[in-house]
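Working notes for the structure below.
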Amino acid sequence: MNGTAKKIPVQGAALGGLGAFAGAIAGYSVRQRFNRGMSDFAVALLEDALAVGGGVIALVIAASVE
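Residues 9 to 74 (the working numbering) make up the sequence shown, in order.
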């Protein structure tokens, strides 16, 4: 997305790294919070659904910017 918007590649890499870090922290927090009362499988499905949903939202926002 950063390349098609003709932005600096380093900026895209930095933002991607920050997004990955934030996602890892958020995923860990969600897993710790929900793992107390739910099975590991259910928590993993919830985490995957949030990741896919977040990706879809990011793509929709990026597509609407053009």
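From the three backbone atoms N, C-alpha and C, an ideal C-beta is built for every residue, glycine too. None of the values given here were measured: they were computed from a predicted structure.
- prompt: Among L67, G20, L23, Q40, which has the Cα closest to the Cα of E55?
  reply: Q40
- prompt: Where does S47 sit, in a helix, a strand or coil, going by DSSP?
  reply: coil
message: For M46 and F29, I'd like the C-alpha separation in whole angstroms.
response: 25 Å
query: Between G24 and P17, what straight-line distance do the alpha-carbon atoms span, to the nearest angstrom?
result: 10 Å
task: State the Cα-Cα distance for the pair Q19 and A52, rounded to the nearest angstrom.
output: 31 Å
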